[in-house]
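Trainee: Here it is: the structure, laid out below.
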Amino acid sequence: TQQMSSADPIEGFVYMEFFGMQQLMEKINETLEGISNVLYGSGLLTSSIEKDSTTLLKSNSHVSSIDEVPDKWSAIWDGPASSSQYIHAFARKANALKRWLAKAQDAQILKEPLNLADLLHPETFLSAFRQRSARALQRGIDDLKLVTTFEDRVINADNIIMLKDLLLQ
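Numbering (my numbering), first residue to last: 19 to 187.
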């Protein structure tokens with residue numbers, strides 16, 4: 019486990035996101051290991067394992083229109099409804115978060131465009147950025163205004179983030 023070296027809210031967010039990612043990985047592993055142990059005869063079928071395996075089978079069945087992931091997974095991250103898509107998205111995010119962690123440790127995280135789709139909780143990242151900006155500007159969080167542009171390097175400020183691959187609705 020890495021240690022946080024500063025009180026920077028963004029660095030703190032990245033560590034909390036990493037911790038959440040580890041928790042989710044443990045829950046996924048626990049679920050799949052429990053099912054595997056039952057299938058290979060080295061574990062007992064509990065109501066929890068039965069519920070998880072039924073959920074996973076329903077989600078990946080071509081006959082069923084039900085898409086679900088185990089509740090203990092979605093309690094940590096509300097991702098795709100299909101369990102196979104959920105695991106795929108989780109793996110992509112976990113891999114991307116390693117890069118975020120390395121950049122946070124080197125204080126380089128805001129130096130290049132960020133993809134918020136890399137995160138389990140992008141809204142929390144924006145709150146951490148807001149808190150960091152308020153501290154840097156010595157202002158109250160409620161006094162800040164969000165300014166956006168689609169043009170590169172138009173805003174002349176120290177507290178900016180550049181986003182890439184952003185989908186707007």
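Think of the CB as a built atom: it goes at the ideal place given N, C-alpha and C, for glycine as much as any other residue.
Exposed or buried, which one is V32 when buried takes at least 16 other CB atoms within 10 Å?
Mentor: Buried, since its Cβ has 16 or more Cβ neighbours within 10 Å.
Trainee: Could you check whether L115 and S39 sit closer than 8 Å to each other, using their CB atoms as the reference points?
Mentor: For the record, residue 39 in the displayed sequence is Met; it is not Ser. Yes, Cβ-Cβ distance for M39 and L115 is below 8 Å.
Trainee: So who's on the other strand from L132, going by DSSP bridges?
Mentor: Paired residue(s): L181.
Trainee: Quick one: measure Cβ to Cβ for N177 and S151, integer angstroms, because I've assumed they're closer than 8 Å.
Mentor: Indeed they touch by this definition, with Cβ atoms about 4 Å apart.
Trainee: Spatial neighbours of K67 within its chain, please: CB distance less than 7 Å, with the 5 preceding and 5 following residues excluded, ordered by chain position.
Mentor: Here residue 67 is Ile; the residue named in the question, Lys, does not match the sequence. Result list for I67: G52, I53 and V56, in chain order.
Trainee: Report the residue from S65, L184 and A154 whose alpha carbon sits nearest the alpha carbon of L168.
Mentor: Residue identity check: residue 168 is Phe in the sequence provided, not Leu. The candidate whose alpha carbon is nearest that of F168 is L184.
Trainee: I need the boundaries of the alpha helix (DSSP H) containing V56, first residue and last residue.
Mentor: First-last of the alpha helix (DSSP H) with V56: P27 to L57.
Trainee: For K129, count the other beta carbons within 10 Å of its own beta carbon; 16 or more makes it buried, fewer makes it exposed. Which is it?
Mentor: The residue is exposed, with fewer than 16 neighbouring Cβ atoms inside 10 Å.
Trainee: Does DSSP put I159 in a helix, in a strand, or in coil?
Mentor: I159: helix per DSSP, three-state reduction.
Trainee: For the alpha helix (DSSP H) containing F168, name the first residue and the last one.
Mentor: Premise fails: F168 is in no alpha helix (DSSP H) and is neither H nor E.
Trainee: Is the CB-CB distance between K45 and W91 below 8 Å?
Mentor: In this structure, W91 lies closer than 8 Å to K45 by Cβ.
Trainee: Leaving out five residues before and five after G197 in sequence, what residues of the same chain have Cβ atoms less than 6 Å from its Cβ?
Mentor: Since the first residue of the chain shown is 19 and the last is 187, residue 197 is not available in this structure.
Trainee: Tell me where the alpha helix (DSSP H) around A112 begins and ends.
Mentor: Run containing A112: S101 to Q123, per the alpha helix (DSSP H) assignment.
Trainee: To the nearest angstrom, how far is it from the Cα of L75 to the Cα of E35?
Mentor: Taking the straight line from one Cα to the other gives about 29 Å.
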